[in-house]
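Using my numbering, the letters of the sequence shown correspond one by one to residues 997 to 1110.
Glycine is no exception: its CB is placed at the ideal position from the N, C-alpha and C atoms.
Note that the structure is predicted; figures quoted are calculated from it, not measured.
What follows is one structure encoded as structure tokens, with my remarks underneath.
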Amino acid sequence: QVQLVESGGGLVQPGGSLRLSCKVTRSTFSGYSIDWYRQAPGKQRELVARITSIGTTSYADSVKGRFTISRDDRKSTGNLQMNSLKPEDTAIYYCNRFPGPWGWGVGTQVTVSS
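Written out as structure tokens, the structure reads:
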């Protein structure tokens, strides 16, 4: 079955950077958009960034100018470069395809704290 594996999270100080990766096994992102979501404790999951199959990107206002989404279809991966991190970026980050999302992976925890 298709499996999504997110990685690259961790603990970082405010102003720091992290690069998240998302790999899909037994399928491919080719032809679909790749979405990155996040879910903070007690909050709903929110869409953070999207990259279409042709490379068009869009971002939530809260991360615009700080996060950059990219993709490598040869490796069936998506990436999220996160710079100038803030405490409010603390959340579990998930990826999925759009449209027609698969089952969710376990995500990767990002904690921004001094």
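Worksheet item: Is there contact between the region 1078-1091 and the region 1001-1008, where contact requires at least three CB pairs shorter than 8 Å?
Response: At 8 Å Cβ cutoff, the stretches touch.
Discussion item. Could you pull the DSSP bridge partners for T1052 from this structure?
Written reply: The partner list for T1052 (beta bridge, DSSP) is empty, contrary to what the question assumes.
Discussion item. Let me check understanding here. Comparing Cα to Cα, which of G1101, S1072, E1042 and T1073 lies closest to V1059?
Written reply: Residue E1042 holds the alpha-carbon nearest to the alpha-carbon of V1059 among G1101, S1072, E1042 and T1073.
Worksheet item: Counting pairs of beta carbons, one from the region 1049-1067 and one from the region 1099-1110, are three or more of them closer than 8 Å?
Response: Judged by Cβ distances under 8 Å, the region 1049-1067 makes no contact with the region 1099-1110, as fewer than three pairs qualify.
Item to complete: Would you kindly check if the distance between the Cβ of F1025 and the Cβ of R1070 is under 8 Å?
Response: In this structure, the beta-carbon distance from R1070 to F1025 does not fall below 8 Å.
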